[in-house]
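Trainee:
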Amino acid sequence: MSSEAKRRGAPLELNRETVDAIASAVELGAFISAAVAAQGFSRRAYQRWDRIGKKAVKKPEEERNESESVYAYYFLSIQKAAGRLQCNAEHKLYEMAESDPEVMKYYLAKRFPEEWSDKAGDKPSLEDDGSIISLGPEVKHIAIG
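Numbering of the sequence shown is given in my numbering, commencing with residue 33 and proceeding in unit increments.
(1) Do you know whose CA, among Glu49, Ala62, Ala53, lies nearest Leu117's CA?
(2) Ala113 and Val28 - do their beta-carbons sit closer together than 8 Å?
(3) Quick one: is Ser109 buried, meaning 16 or more other Cβ sit within 10 Å of its Cβ, or exposed?
(4) Using 8 Å as the threshold, is the stretch 42-57 in touch with the stretch 69-79, meaning 3 or more CB pairs across them?
(5) Kindly indicate which residue of Val135, Lys151, Met136, Glu45 has the alpha-carbon position closest to the one of Ala78.
(6) Thinking C-beta only, is Ser65 closer than 8 Å to Arg75?
(7) DSSP three-state label for Pro92, please.
(8) Which runs of the alpha helix (DSSP H), 4 residues or longer, sit entirely within the stretch 59-84?
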């Protein structure tokens, strides 16, 4: 039996290839726990990576050792992947909102809560045709769809 076949459990070290695979999964919508598990690591591992990565990114790049560089790469890669996922989801929501007044109200309440949330004072309203009226002094009527 080869030494590879005898070894059980997760890989011993985090490397850039594994980080790229995890980040790709996160960008496509996977939760970090599932993306990490798909690479053979546990929840405790990525929690540890986060802790080490947060510390590593605070150091100037030229002062990081090789290990710290990998953890900083992990930390920043996951942040970027999550940001790209969120941007893509928000873009899709906005596309849906362009043709659906209720989705538009939801989008605006999330994007501009001071003016559009249920807690906002002067709430915009919808006409029967789905157009939005009374947005404020500058805009009185917007047709949607």
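Positions of the beta carbon are idealized from the N, C-alpha and C atoms, including for glycine.
Mentor: Taking the definition as stated:
(1) Locating residue 117 in the sequence shown gives position 85, counting from the first residue. Measuring from the Cα of Leu117, the nearest candidate turns out to be Ala62.
(2) The chain is shown from 33 up to 177; residue 28 falls before or after that span and cannot be answered.
(3) Counting from 1 along the sequence shown, the entry for residue 109 is found at position 77. Ser109 is buried by the Cβ-count criterion.
(4) yes
(5) Walking along the sequence shown from the start, residue 78 turns up at place 46. Looking at the sequence itself, residue 78 is Tyr, so the reference to Ala does not match. Checked all of Val135, Lys151, Met136, Glu45; the closest Cα to Tyr78 is Glu45.
(6) In the sequence shown, the residue the question calls residue 75 occupies position 43. In the sequence shown, the residue the question calls residue 65 occupies position 33. In contact: Arg75 and Ser65 (Cβ atoms closer than 8 Å).
(7) Position 60 of the sequence shown, counting from 1, holds the residue named residue 92. Coil.
(8) 64-70
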